[in-house]
Amino acid sequence: MSDQNIIILGSGMAGLGAAHHFHGAGVSTRMYDKNDYPGGHTATFTHDSGFIFDDGPHISFSKDTRFQELFADNVDGKFEKLNAYVNNYYHGAWVKHPAQANLHNLPDELKTKCLLDFIEASKKDVVEKPANYLEWLISVFGETFATHFPAVYGKKYHTVDADQMSTVWMGPRLYRPSMEEVIRGAIFAETPDVHYISDFRYPTEGGFISYLKPFMEKTDLNLDHEVVAIDPDARTVEFANGVVETYDHLVSSIPLPDLIPMVKGAPDHVREAAAKLACTTCITVNIGLARDDFTPATWTYIYDEDICFTRLSFPHKMSHKTCPPGCGSIQAECYYSHKYRPVDVTPDELIQPVIDDLVKIGLIEKDEEILHTDARLIPHANIIFDLDRETALPIVHEWLDSVDINYVGRFGEWGYQWTDEAFKSGERGARQVIEKM
Numbered sequence: 001m002s003d004q005n006i007i008i009l010g011s012g013m014a015g016l017g018a019a020h021h022f023h024g025a026g027v028s029t030r031m032y033d034k035n036d037y038p039g040g041h042t043a044t045f046t047h048d049s050g051f052i053f054d055d056g057p058h059i060s061f062s063k064d065t066r067f068q069e070l071f072a073d074n075v076d077g078k079f080e081k082l083n084a085y086v087n088n089y090y091h092g093a094w095v096k097h098p099a100q101a102n103l104h105n106l107p108d109e110l111k112t113k114c115l116l117d118f119i120e121a122s123k124k125d126v127v128e129k130p131a132n133y134l135e136w137l138i139s140v141f142g143e144t145f146a147t148h149f150p151a152v153y154g155k156k157y158h159t160v161d162a163d164q165m166s167t168v169w170m171g172p173r174l175y176r177p178s179m180e181e182v183i184r185g186a187i188f189a190e191t192p193d194v195h196y197i198s199d200f201r202y203p204t205e206g207g208f209i210s211y212l213k214p215f216m217e218k219t220d221l222n223l224d225h226e227v228v229a230i231d232p233d234a235r236t237v238e239f240a241n242g243v244v245e246t247y248d249h250l251v252s253s254i255p256l257p258d259l260i261p262m263v264k265g266a267p268d269h270v271r272e273a274a275a276k277l278a279c280t281t282c283i284t285v286n287i288g289l290a291r292d293d294f295t296p297a298t299w300t301y302i303y304d305e306d307i308c309f310t311r312l313s314f315p316h317k318m319s320h321k322t323c324p325p326g327c328g329s330i331q332a333e334c335y336y337s338h339k340y341r342p343v344d345v346t347p348d349e350l351i352q353p354v355i356d357d358l359v360k361i362g363l364i365e366k367d368e369e370i371l372h373t374d375a376r377l378i379p380h381a382n383i384i385f386d387l388d389r390e391t392a393l394p395i396v397h398e399w400l401d402s403v404d405i406n407y408v409g410r411f412g413e414w415g416y417q418w419t420d421e422a423f424k425s426g427e428r429g430a431r432q433v434i435e436k437m
């Protein structure tokens with residue numbers, strides 16, 4: 001099997017998962033990435049200021065023992081094991097996460113309406129086949145909570161209204177409390193932790209990418225290779241730098257709307273289906289501060305529509321070695337999408353609005369000593385599970401199967417995949433290829 005010519009496109013979690021599995025089976029591979037750095041979404045950037053920021057927030061909270069041991073071995077056991085404390089900001093109120101089980105800090109009138117709606121909703125059966133995400137939310141939580149919290153946050157995060165989204169993506173992501181939990185959370189300030197991420201691991205040094213570096217040694221990694229054309233009949237991949245490579249088997253983690261136009265012979269109906277697939281674009285704004293005592297949270301969800309960021313994470317809470325001694329850091333995520341909310345600013349233009357809104361919510365002071373700022377555009381961030389996805393995706397996947405292009409990862413499978421799920425997707429793709437060999 002080792003003489004097979006196998007190309008992997010993309011050096012993120014899925015691509016490296018594929019490389020890892022091929023290597024374990026004695027199969028050599030070549031990997032290509034368009035960027036001048038490896039890791040895709042799991043890349044880490046170290047700045048001269050001494051601050052380290054990942055390409056978006058990444059932690060490892062897998063309960064899979066094999067996966068835990070694999071990552072631990074990759075950093076020689078040097079990782080932080082931490083408990084996640086998550087909170088929300090809602091119009092001046094700091095609310096423990098999940099908000100549906102922690103209504104205590106909300107205004108009395110809103111809290112009362114949420115409780116009454118929860119009670120009414122509990123008397124009815126949950127809609128088994130909701131027409132959309134909003135219908136499900138109201139069925140489970142009642143109209144007041146649904147429309148003030150998850151529907152609003154979902155619009156900020158996914159850029160699309162809840163009544164235009166499906167429910168196939170949710171899994172454990174939205175906690176459904178008992179009526180006792182709802183009532184206790186409204187009365188008492190202190191409640192049990194019920195977030196689906198109870199604890200997590202993060203490399204002590206070097207950022208999240210440290211978990212992945214040993215995987216990169218298991219393939220022939222080539223950076224600065226942007227794919228411009230794929231010919232499935234000739235079995236060739238052409239790159240923007242003029243290089244053309246042949247393959248026996250191809251594994252791709254390229255986002256499907258980008259991939260399909262590159263593939264020679266893609267029919268019009270497949271191109272049209274791929275164009276309907278939507279994902280968000282994220283601008284991350286990174287702030288380095290001269291202190292580390294400004295929040296108890298590991299990350300924070302922001303509901304206010306007039307606040308430019310949707311979520312905040314705090315890298316110094318993951319490892320103190322992501323910052324100079326005594327310093328703290330904030331990563332703000334601001335979401336857009338080509339389909340629903342096109343980007344209308346440059347990344348750098350968002351730095352000051354983010355700082356202003358951090359002051360507005362009281363997280364930092366107006367005269368705060370800021371040691372570092374930078375901003376990055378992430379063209380493909382999260383899959384949007386709008387109603388078009390459910391009909392368009394099977395068309396795209398079926399055609400890729402017919403031309404023997406193996407698709408993996410969040411943007412190949414076009415699903416809501418956490419880091420370990422993306423890695424396992426790559427492993428599955430490699431197994432499928434090996435079965436064909």
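According to the UniProt record's numbering, the sequence shown holds residues 1 to 437 in order. Glycine included, every Cβ here is placed at the ideal spot set by N, Cα and C.
Sixteen is the threshold: since fewer than 16 other Cβ atoms of the shown chains lie within 10 Å of the Cβ of residue 241, the residue is exposed.
For residue 199, the CB contacts under 6 Å within the same chain, skipping 5 residues up- and downstream, are 83 in chain order. Positions of the alpha helix (DSSP H) runs, each at least 4 residues long and wholly inside the segment 35 to 91, are given as 65 to 74 in order along the chain. With fewer than 16 other beta carbons inside 10 angstroms of its own, residue 47 counts as exposed.
In its chain, beyond the 5 residues on either side, 113, 114 and 117 have a beta carbon closer than 6 Å to the beta carbon of residue 144.
Between the C-alpha atoms of residue 286 and residue 332 there is a straight-line separation of about 6 Å. Assignment of residue 131 by DSSP, reduced to helix, strand and coil, places it in the coil class.
Under the DSSP assignment, residue 313 falls in the beta strand (DSSP E) whose first and last residues are 311 to 313. Where residue 403 is concerned, there is no enclosing alpha helix (DSSP H), because DSSP gives it neither an H nor an E.
Here residue 411 is buried, its C-beta having at least 16 other C-beta atoms within 10 Å. Taking a C-beta distance under 8 Å as the contact criterion, residue 249 and residue 6 qualify as a contact pair.
For residue 334, the three-state secondary structure derived from DSSP is strand.
In the three-state reduction of the DSSP assignment, residue 377 falls in the strand class. A distance below 6 Å between beta-carbons, with the five flanking residues on each side excluded, links residue 336 to the following residues of its chain, in chain order: 281 and 343.
In the three-state reduction of the DSSP assignment, residue 289 falls in the strand class. Scanning 289, 359, 357 and 257 for the CA closest to the CA of residue 379 turns up 257. Our two residues, residue 324 and residue 45, have alpha carbons roughly 15 Å apart in a direct line. In this structure, residue 30 lies near residue 220, with their beta-carbon atoms less than 8 Å apart.
Contact between residue 205 and residue 317 does not hold, since their C-beta atoms are separated by about 16 Å, which reaches or exceeds 8 Å. Contact between residue 89 and residue 303 holds: CB atoms are separated by about 7 Å, below the 8 Å threshold. Apart from sequence neighbours up to five positions away, the residues of its chain that approach residue 136 with a beta-carbon distance below 7 Å are 127, 130 and 167, ordered along the chain. Ranked by Cα distance from residue 211, the options 133, 326, 80 and 361 are led by 80.
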